[in-house]
Amino acid sequence: MGNEASVAVPEVKPVETFRDDFTFANSPKAIRRFPFPFTEDSYMYSVNIEPHNGGPAGSPYAPAFDIDEHYLSEVEERRKVLAEDPSRCTVLEHMMPAQWDTLELLMESLSTDYPDYFVLTRDGDQWTWENRLLGIKDTFTFGDPDTLPYEPFEYITRQVQGDFTLHDQRDNMLYMDGGMLTCQADWSLQFDLGMNFYEWHGPVPRAHEMGVFERALKYLLNLRVGEPVRRLNWTMTVHPRMDTSPENYHKWGIDRATVTPENVGDYAHLRVELQSLYRLPRSNAVLFSIRCYLISLNELVTIPKWAKRMHRVIKTLPEDLADYKGFIGYRPMVVDYLAPFDDGAELTPGAAPE
Amino acid sequence: MILSQQAKIPVRVTGVERVTPSIKTFTFEREDSAPLPSFSGGSHIVVEMRGGERTYRNPYSLMSPPEDYPSAYQISVRCDDQGRGGAQYMHERVREGDEMTISGPANLFPLTVTAPRHVLIAGGIGITPFLAQLHELRQRGLAYELHYQYRDAEGAAFRDRLAARFGDQTRFYESGRDQYVDPTAILADQPLGTHAYVCGPAGLTQAVHEAAAELGWPARNVHSEEFAAPPPGKPFKVVLERSQREVEVPANASALEAIEEAGIQPSCSCRGGSCGQCEQTVLEGDIDHNDHFLSDEAKARNSSMMICVSRARSDRVVLDL
């Protein structure tokens, strides 16, 4: 987990949009700290799980839960999605202890990593939570849902960037028994709710045959309190659109047909999820944090090493993976756009900008 | 895949109580009196025992109530003739005031909280995880019943405490007076969706599983936890193919312990053959399986082993490690 010394205080921008006029953009600083996922010139699935125990100061890996310049924008986007569709946050009844576990973990982590922005004061079960970025100060009784304006899981995840799911562990299996999903890469909580680990991963190509999920599940069933793990996942999205849900497919699916060689650098975005998993202590549930980062190709090519590597990865990606990730239609345009940036030079290992 | 090593928590022994002639209860608190991690009923910790002829690391169920921010953890350890070195160490060497190291809690024996009714069956020292789970069942308002079998009144650890707190939901059986748990009778009339949990001697565990299967219970509604002791055996050699190392496993240590002694840290968690974390691919050798993780078919295939408890029948084993 992060600590004060290694987590930089982020400057938070005023609200930008992830819909309609799409005013979202990354500052040069945000570009440099982008969690670029490709450490090699080609990509294939693996059980790429590592301990989530910090990272270089200022990087998204340093804190437990990363807060960045887009904080206000993402909180506002979540509010809009929930106003249109409250079912995006659903938690099954038996998960109430896991809800409190989540609230505690997030409040403790945020107030430790960002003491200028978040303050948690505890007096027995009387807790006071101050979120200075949103101007919130609430006193409540830990363990009593009636003392909060929302149920504890929704209350706290409305104040954090990224999606979250809650997984009950029973009969040597994980079940998706709750979540807050407003910035997901084309999957639905209402569809997956109650499914087991193999069922909700059903659509992923190749990985089942490779035994990836069997190994990953065994590993996660043994996840210990205080020893979180993380991995990166990625896809591509047209426009900086956070809410690419199946529920709203009619609003964004068509975007993929609007990409042209002229606009691809502006339209096409690499979408990276920094996923972290925590064992929750009282409930024995697993909290899955899916923190989403977006970067346009125009922004990405300002880092020469990333431009070259991205070109090689996208060019050599197997057809079924490009199809599953939803960009097979405009992949040639992405490759053509990136090609001039790639001189074929050998790249240093790892994903760092250089 | 990079795997994390277990977090270690330095603690002080703040209580040693002999609860029966063969069972002692140990209380651990943090040096700085800070709270220990919260945990769920059924969790265990691994206790590290140093300073003897060798280091023991044994899993023990947490028996203290799973309350918020516990100031202390409690475990109980039984020592008998077949007791492994660790139990003997705990009984003979550990005194109040000693400093020890424990792992954080992990749960391989969780309650299925979606079930409407829970039947707990304990034999002897197997009562410990249920002591914690009973609190959780009560807190969640779930229906439950406990069946606890022990040899005689003198060995009936925590009987009075259980009778006082959970008396109306509890039945006691004294095997020394020919009172035995009858799994078939207990399970026969349970409502659909009931889950059963058993912790105790291997014979009792097997009897419960068999009775449930006979009555048509789904296998996943029956849970058991049994930590295997790493049994001593004849020495053998482990060849670590990828590390290009050879390690001698002596008669009184496990393969995992010998490999750790050699400075290599394979992934592992419970150290009792239950969690599956230390599974290694066997490239060559004949394995004597002692774990509760691999299926009988997997054991027969001889293609992997749990290095925490299993040994070799052959003089030499080659692992993909």
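So the protein sequences, as listed, match chains A and B.
Oh and the first sequence: position 251 is 251 in my numbering, straight run, nothing missing.
Oh and the second sequence: position 38 is 1038 in my numbering, straight run, nothing missing.
The beta carbon of each residue, even a glycine, is placed where N, CA and C say it ideally should be.
Own chain residues within Cβ distance below 6 Å of residue i, not counting five before or after
i: B:P1129; result: G1042, S1061, F1109, C1199
i: B:K1299; result: H1289
i: B:A1157; result: V1019, T1020, I1023
i: B:Y1197; result: L1120, H1223
i: A:R241; result: F18, W252
i: B:I1009; result: I1102
i: B:V1317; result: V1238, G1285
i: A:D138; result: W129
Straight-line gap, residue i to residue j (C-alpha atoms, nearest Å)
i: B:P1059; j: B:M1306; result: 15 Å
i: B:Q1005; j: A:V75; result: The pLDDT assigned to B:Q1005 is 49, lower than 50, so where the model puts this residue is not dependable, and the model offers no usable value.
i: B:A1228; j: A:N284; result: 23 Å
i: A:D342; j: A:K315; result: 12 Å
i: B:S1071; j: A:V238; result: 52 Å
i: A:Q99; j: A:G194; result: 16 Å
i: B:E1246; j: B:S1303; result: 19 Å
i: A:R88; j: A:L82; result: 6 Å
i: B:Q1280; j: A:T39; result: 27 Å
i: B:A1211; j: B:E1297; result: 22 Å
i: A:L106; j: A:A8; result: 18 Å
i: A:L133; j: A:M210; result: 44 Å
i: B:P1105; j: A:P152; result: 24 Å
i: A:A30; j: B:T1055; result: 49 Å
i: A:V334; j: B:H1044; result: 52 Å
i: B:F1028; j: A:V225; result: 18 Å
i: A:Y155; j: A:F36; result: 31 Å
i: B:R1057; j: B:C1275; result: 15 Å
i: A:I295; j: B:A1115; result: 45 Å
i: A:E84; j: A:T244; result: 14 Å
i: A:G2; j: A:P56; result: With a pLDDT of 40 at A:G2, under the threshold of 50, the predicted position of this residue should be treated as unreliable, though the coordinate-derived value follows. Cα to Cα, the separation comes out at about 10 Å.
i: B:P1065; j: A:Y249; result: 48 Å
i: A:H269; j: A:P14; result: 21 Å
i: A:Q161; j: A:P353; result: 24 Å
Among the options, the one whose alpha carbon lies nearest that of residue i
i: B:P1266; options: B:F1039, B:L1162, B:L1321, B:G1176; result: B:L1321
i: A:R331; options: A:L287, A:M310, A:F341, A:K218; result: A:M310
i: B:Q1088; options: B:L1146, B:V1249, B:K1024, B:E1031; result: B:K1024
i: A:I303; options: A:F288, A:E154, A:L347; result: A:L347
i: B:D1032; options: B:F1026, B:V1019, B:T1014, B:E1048; result: B:T1014
i: A:V119; options: A:E130, A:D113, A:G58; result: A:E130
i: B:E1048; options: B:G1124, B:V1011, B:E1096, B:G1285; result: B:V1011
i: A:E227; options: A:E247, A:A216, A:L280; result: A:L280
i: B:L1240; options: B:L1283, B:A1207, B:G1272; result: B:L1283
i: B:G1097; options: B:P1230, B:A1212, B:R1030, B:R1054; result: B:R1030
i: B:N1252; options: B:G1086, B:Y1069, B:A1163; result: B:G1086
i: A:L274; options: A:Y61, A:V212, A:N248, A:D125; result: A:Y61
i: B:P1232; options: B:Q1179, B:H1195, B:A1258; result: B:A1258
i: A:Y278; options: A:F140, A:V272, A:V286; result: A:V286
i: B:A1007; options: B:D1291, B:E1017, B:V1016, B:V1046; result: B:V1046
i: B:L1146; options: B:G1216, B:V1181, B:R1140; result: B:V1181
i: B:G1216; options: B:L1187, B:R1242, B:Q1206, B:A1202; result: B:L1187
i: B:G1273; options: B:E1261, B:A1262, B:S1254; result: B:S1254
i: B:E1099; options: B:Y1144, B:V1016, B:D1168, B:E1248; result: B:V1016
Contact set for residue i: own chain, Cβ-Cβ below 8 Å, skip 5 residues either direction
i: A:A307; result: L300, V301, L338, F341, D342
i: B:G1051; result: R1093
i: A:K80; result: R19
Close Cβ partners of residue i (< 7 Å) along its chain, the five nearest in sequence each way excluded
i: B:H1091; result: K1024, V1077, C1079
i: A:A351; result: F36, P37, F38, T39
i: A:F140; result: W127, T147, L148
i: A:G58; result: A8, R33
i: B:D1068; result: S1038
>> Using 8 Å as the cut-off, can you tell me whether the region 250 to 261 of chain A makes contact with the region 217 to 235 of chain A, which would need three or more C-beta pairs spanning the two stretches below that distance?
In response: no
> Is the region 47 to 61 of chain A in contact with the region 138 to 148 of chain A, if contact means three or more CB pairs nearer than 8 Å?
Replying inline: no
>> Would the region 171 to 190 of chain A count as touching the region 313 to 320 of chain A if we require 3 or more Cβ pairs under 8 Å?
In response: no
>> Taking contact to mean 3 or more Cβ pairs, one atom from each stretch, closer than 8 Å, check whether the region 1027 to 1041 of chain B and the region 61 to 77 of chain A are in contact.
In response: no
> Quick one: any contact between the region 90 to 98 of chain A and the region 178 to 185 of chain A, if contact means 3 or more CB pairs under 8 Å?
Replying inline: yes
> How do the region 1310 to 1319 of chain B and the region 1236 to 1256 of chain B stand: do at least 3 beta-carbon pairs fall below 8 Å, yes or no?
Replying inline: yes
>> My parser needs the beta strand (DSSP E) runs of 3 or more residues fully inside the region 197 to 279 of chain A; what are they?
In response: 229 to 238, 268 to 279
> What residue ranges within the region 10 to 54 of chain A form continuous alpha helix (DSSP H) runs of no fewer than 4 residues, ordered along the chain?
Replying inline: 28 to 32
>> Quick check on the DSSP output: what are the complete beta strand (DSSP E) runs of length 3 or more inside the region 1043 to 1120 of chain B, in order along the chain?
In response: 1043 to 1049, 1056 to 1061, 1072 to 1078, 1099 to 1103
> Unbroken beta strand (DSSP E) runs of length 3 or more, entirely within the region 1162 to 1247 of chain B: which are they?
Replying inline: 1170 to 1174, 1195 to 1199, 1222 to 1224, 1236 to 1240
> If you scan the region 71 to 115 of chain A from start to end, which runs of the beta strand (DSSP E) of 3 or more residues do you find wholly inside it?
Replying inline: 89 to 91
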